[in-house]
Amino acid sequence: QVQVVESGGCLVQPGGSLRLSCAASGFTFSTYAMRWYRQAPGKERELVAAISNNSGWMKNYADFVKGRFTITRDNAANTVYLQMNSLKSEDTAVYYCNRWPPADWGQGTQVTVSS
Numbered sequence: 125q126v127q128v129v130e131s132g133g134c135l136v137q138p139g140g141s142l143r144l145s146c147a148a149s150g151f152t153f154s155t156y157a158m159r160w161y162r163q164a165p166g167k168e169r170e171l172v173a174a175i176s177n178n179s180g181w182m183k184n185y186a187d188f189v190k191g192r193f194t195i196t197r198d199n200a201a202n203t204v205y206l207q208m209n210s211l212k213s214e215d216t217a218v219y220y221c222n223r224w225p226p227a228d229w230g231q232g233t234q235v236t237v238s239s
């Protein structure tokens, strides 16, 4: 059964940092590109960052996180990470990961940026 479990979200002050983790199972992780998305209240889910399969040499970021967020992967641990720095209030959202092509969505992890 394909499954992703996101973790690491919490309440953080503006300007702070967080690292999200996404543990995957049920498929050959290294052969899939992986993506992080987010959904803020009342808004559509949006793509945040993507990383290619295998070595993960190719990475892409939404303009609104470029220079602040970094996506990485550890194929030995079947895990993809999202390092988030210089957080802003507008980064508040539930963050999800998924493979590409996508499988079922996980529960996500809540990130709240507030003083």
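Note that the numbering used here numbers the sequence shown so that position 59 is 183, with each residue one more than the last.
Glycine residues also receive a C-beta, built at the ideal position from the N, C-alpha and C atoms.
In this chain, the beta strand (DSSP E) harbouring Ser-145 covers 142-149. Within the same chain, and ignoring the five residues on either side of Trp-229 in sequence, the residues whose Cβ sits closer than 7 Å to its Cβ are Tyr-220 and Asn-222. Residue environment for Arg-143: exposed (fewer than 16 other C-beta atoms within 10 angstroms of its C-beta). Leu-206 and Ala-173 do touch by the CB rule: their CB atoms are close to 6 Å apart, below 8 Å. Straight-line spacing of the CA atoms in Val-128 and Pro-138 works out to 28 Å. Between Met-158 and Ala-200, the alpha-carbon positions lie close to 15 Å from each other. In this structure, Gly-140 lies away from Val-235, with their beta-carbon atoms at least 7 Å apart. The shortest C-alpha to C-alpha distance from Val-189 to any of Asn-177, Gly-232, Ser-179 and Glu-214 is the one to Glu-214. Cβ-Cβ distances below 6 Å link Ser-149 to Gln-127 in the same chain, with the five nearest sequence neighbours on each side left out; the list follows chain order. If you draw a straight line from the Cα of Tyr-161 to the Cα of Leu-171, it is about 4 Å long.
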